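Here's the structure we're looking at; comments come further down.
Number of protein chains: 2
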Amino acid sequence: MRHAIHNPPGEAGCSGCEQQPRCLAGRFDEARREQLVSRLRTGIRCLPRYPLFHAGDRFRYLYIVQSGSFKSWRLERNGDQQVLGFHLPGDVLGIDGIRNGTHTSAAQALQSSRVCALSLARNPESLDGLSWFNAGLLKAMSRASSQDQEHLVIMGRRQATQRLAMFLRRLRRQYRRLGWPDDELTLTMSRADLASFLGLVLETVSRLFSQLHESQVLEVRRRRVTVLDPERLRQLSEAEAVSG
Amino acid sequence: MRHAIHNPPGEAGCSGCEQQPRCLAGRFDEARREQLVSRLRTGIRCLPRYPLFHAGDRFRYLYIVQSGSFKSWRLERNGDQQVLGFHLPGDVLGIDGIRNGTHTSAAQALQSSRVCALSLARNPESLDGLSWFNAGLLKAMSRASSQDQEHLVIMGRRQATQRLAMFLRRLRRQYRRLGWPDDELTLTMSRADLASFLGLVLETVSRLFSQLHESQVLEVRRRRVTVLDPERLRQLSEAEAVSG
DNA sequence: CGATTTCTTTGACCGAGGTCAATTCAAGGG
DNA sequence: CCCTTGAATTGACCTCGGTCAAAGAAATCG
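Line by line, the protein sequences are chains P and Z.
When the letters of the first sequence are read in order and numbered with our numbering, they come out as residues 1 to 244.
When the letters of the second sequence are read in order and numbered with our numbering, they come out as residues 1001 to 1244.
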């Protein structure tokens, strides 16, 4: 059945995890990491569409993406959903729940993925003595905040082409950071999700891809996107902003 | 001269500060707060336009707004600025600098204001034993993240009227939370700043205000806005989203 | 206090992108 | 293997909001 979480058969915590260099909890030596063991569940498998949490859920865990990808969104009163972000390995999910113990956004897997769950719900004060961890957490949250700000900048620029170009360049940067090939991008989100994320309608996104294909900037085969002309993509992303 | 910081004449730390119930550092008893004293400079006065930090500045302090208001923004390569947020008493500024020690956004006062500066730059690990404070900091950052998400939702909806309506309702909520009158709103930002924040051009914002005035929803006299018909404002903010 | 600057409003025009609708393509299930 | 279903593409049309321009209202300064 879909939508199920399977416990890992015999994964042994963080040892061997590829994401260690990027991970909030992995940046530290084994001894330190063991201090977290009682709070950390590693390698939880999520099938596509598996929801980590919904808006309104009680805050229980902070999730660290280990592999795969996720999307997060807010649901409006009128049933309309606004995609807030796409999340790759190393990203932390669920931050919005810390504030008052309730999630205000939702998150689900876009493909088969793994996450680690970090229990923070009860007495976060007991992180005392784990200040090394706290510092890491602060940085992770600061990073999440920066990403939101980048997103806001994209949403502020009006030209649709520019938005998509900015998004693709940002994605390339993220892929590169993860050591993945950054010329052959495999999008894990639908046109609808991407459109929502960019503040456009899906038809527009589709047309833009066709256009950029036509003009030899990209090679687009559905969700397989190859960047043919990175320089032109840069120009498009930096085009003079609408005067706003 | 403008743009100057004046040290407070004789303010004695947090005692007597109106923002205590909302403040990150103020929620705790005097004894605890004294633990922070070496890291905390309270009641720093900022004249209008005084910049707390610029993009690229080395991260030194986290700022807590005590009175007045601020705006934060990112400057793009082409000189265009995207307003990221407006900040009222109790808000924390400078979070984006924690990540790697450099600010990626800028912030400045919109009016005569006061902030408290909290030194976090060097060895944040030394916050050990201040876990009560760390927990507060986490919540403050979570709150900032929620606000960014609300902003993203506004930017995602296309209809300009809806954006402004959502913004005004959000502002009302914030004013109420601060114990200020929420029917007579005094905007502290220019039309241009508000337009950038909402992803519109200033002419559009100006026209929207005129329209809402015309239709008896608001009374607008430049930056003095009175909400005449809150119910209608709610309807406008919740109107069916563009299908996107 | 008059002069200059800055902020805001208003009008006329028009194009980017949203709307509606139909078609094509790919994948998964019985 | 075909059929169903959902995702993506493409086209025709039209509106919302951006552009350009000018004038009025406040604020600032010498």
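C-beta: ideal position from N, C-alpha, C; glycine also.
The structure displayed is predicted, hence computed values, not measured ones.
How long is the line joining the alpha carbons of residue 21 of chain P and residue 1206 of chain Z, rounded to whole angstroms?
Residue 21 of chain P sits at position 21 when you count from the first residue of the first sequence. Residue 1206 of chain Z sits at position 206 when you count from the first residue of the second sequence. Roughly 50 angstroms between the two C-alpha positions.
Can you pull the DSSP bridge partners for residue 64 of chain P?
As a position in the first sequence, residue 64 of chain P is number 64, starting the count at 1. Beta-bridge pairing links residue 64 of chain P to P/92, P/116.
Taking the beta carbon of residue 216 of chain P as the centre, do at least 16 other beta carbons fall within 10 Å, making it buried, or is it exposed?
As a working note, residue 216 of chain P is residue 216 in the first sequence. By the 10 Å Cβ count, residue 216 of chain P comes out exposed.
What whole-angstrom Cβ distance do residue 1140 of chain Z and residue 1051 of chain Z have, given they're in contact under 8 angstroms?
On the second sequence, position 140 is the one that residue 1140 of chain Z refers to. On the second sequence, position 51 is the one that residue 1051 of chain Z refers to. Not quite, the Cβ-Cβ distance comes to about 22 angstroms (not below 8 angstroms), so this is no contact.
Just to confirm, are residue 168 of chain P and residue 233 of chain P a CB contact at a threshold of 8 angstroms?
Your numbering for residue 168 of chain P matches position 168 in the first sequence. Your numbering for residue 233 of chain P matches position 233 in the first sequence. It is a contact, given that the beta carbons lie within the stated cut-off.
Is there a Cβ from chain P that is less than 8 angstroms from the Cβ of residue 1069 of chain Z?
Here residue 1069 of chain Z corresponds to residue number 69 of the second sequence, with the count starting at 1. No - not a single Cβ of chain P is within 8 angstroms of the one on residue 1069 of chain Z.
Less than 8 angstroms between the C-beta atoms of residue 1172 of chain Z and residue 1185 of chain Z, yes or no?
Indexing the second sequence from 1 puts residue 1172 of chain Z at position 172. Indexing the second sequence from 1 puts residue 1185 of chain Z at position 185. Yes.
What does a CB cutoff of less than 7 angstroms around residue 1117 of chain Z pick up in its chain, not counting 5 residues either side in sequence?
Start at 1 with the first residue of the second sequence, and residue 1117 of chain Z comes out as number 117. So the qualifying residues of the chain are 1041, 1044, 1061, 1063.
Determine, using beta-carbon pairs with one atom in the segment 82-93 of chain P and one in the segment 189-200 of chain P, whether at least three such pairs fall under 8 angstroms.
The answer is yes - the segment 189-200 of chain P touches the segment 82-93 of chain P, with three or more Cβ pairs under 8 angstroms.
Under 8 angstroms, with one C-beta from each stretch per pair, do the segment 1096-1106 of chain Z and the segment 1067-1079 of chain Z reach the 3-pair mark?
Yes, the segment 1096-1106 of chain Z is in contact with the segment 1067-1079 of chain Z.
Report, in whole angstroms, the separation of the C-beta atoms of residue 58 of chain P and residue 101 of chain P, which I expect to be a contact under 8 angstroms.
Here the question's residue 58 of chain P lines up with position 58 in the first sequence. Here the question's residue 101 of chain P lines up with position 101 in the first sequence. That belief holds up - the Cβ atoms of residue 58 of chain P and residue 101 of chain P are roughly 6 angstroms apart, short of 8 angstroms.
Let's test the definition: count the other Cβ atoms within 10 Å of the Cβ of residue 1223 of chain Z and tell me whether it reaches 16, buried, or not, exposed.
By one-based count along the second sequence, residue 1223 of chain Z stands at place 223. Exposed is the call here.
Please report the straight-line C-alpha distance between residue 183 of chain P and residue 1156 of chain Z, rounded to a whole angstrom.
Counted from its first residue, the first sequence places residue 183 of chain P at position 183. Counted from its first residue, the second sequence places residue 1156 of chain Z at position 156. When rounded, the distance between both Cα atoms is 28 angstroms.
Comparing the C-beta of residue 1042 of chain Z with each C-beta of chain P, is any distance below 8 angstroms?
Against the second sequence, residue 1042 of chain Z aligns to sequence position 42. It does not; no Cβ of chain P falls within 8 angstroms.
Could you tell me which residues DSSP pairs with residue 1070 of chain Z in its beta bridges?
By one-based count along the second sequence, residue 1070 of chain Z stands at place 70. The partner list for residue 1070 of chain Z (beta bridge, DSSP) reads Z/1087, Z/1109.
What number of angstroms, rounded off, separates the C-alpha of residue 159 of chain P from the C-alpha of residue 1096 of chain Z?
Numbered from 1 along the first sequence, position 159 holds the residue referred to as residue 159 of chain P. Numbered from 1 along the second sequence, position 96 holds the residue referred to as residue 1096 of chain Z. Cα-Cα distance, rounded: 26 angstroms.
Please list the segments of the beta strand (DSSP E) lying wholly inside the segment 1191-1232 of chain Z, counting only runs of 3 or more residues, in order along the chain.
Counting only runs of 3 or more, we get 1218-1221, 1224-1227.
Under 8 angstroms, Cβ to Cβ, is there at least one residue of chain Z near residue 244 of chain P?
Against the first sequence, residue 244 of chain P aligns to sequence position 244. Only weak support exists for where residue 244 of chain P lies, its pLDDT of 38 falling under 50; the coordinates are left without a value.
Taking Cβ positions only, does residue 151 of chain P come closer than 8 angstroms to chain Z?
What you label residue 151 of chain P is simply residue 151 of the first sequence in a count that begins at 1. Taking Cβ atoms only, chain Z reaches closer than 8 angstroms to residue 151 of chain P, which makes this a yes.
Can you give me the C-alpha to C-alpha distance between residue 225 of chain P and residue 198 of chain P, rounded to a whole angstrom?
Sequence index remark: in the first sequence, residue 225 of chain P carries index 225 (1-based). Sequence index remark: in the first sequence, residue 198 of chain P carries index 198 (1-based). Whole-angstrom Cα-Cα distance: 17 angstroms.
Between which two residues does the alpha helix (DSSP H) carrying residue 184 of chain P extend?
Locating residue 184 of chain P in the first sequence gives position 184, counting from the first residue. Per DSSP, residue 184 of chain P belongs to no alpha helix (DSSP H); it is in the beta strand (DSSP E), 184-186.
Excluding five sequence neighbours on each side, which residues of the same chain lie with their C-beta closer than 7 angstroms to the C-beta of residue 237 of chain P?
Position 237 of the first sequence, counting from 1, holds the residue named residue 237 of chain P. 162, 165, 166, 169.
Kindly say whether residue 90 of chain P, judged by its beta-carbon, lies nearer than 8 angstroms to any beta-carbon of chain Z.
The residue given as residue 90 of chain P occupies position 90 in the first sequence. So, not an interface residue.
Leaving aside the five residues before and after residue 174 of chain P along the sequence, list all residues of the same chain whose C-beta is less than 7 angstroms from its C-beta, in chain order.
Locating residue 174 of chain P in the first sequence gives position 174, where the first residue counts as 1. The residues are 88.
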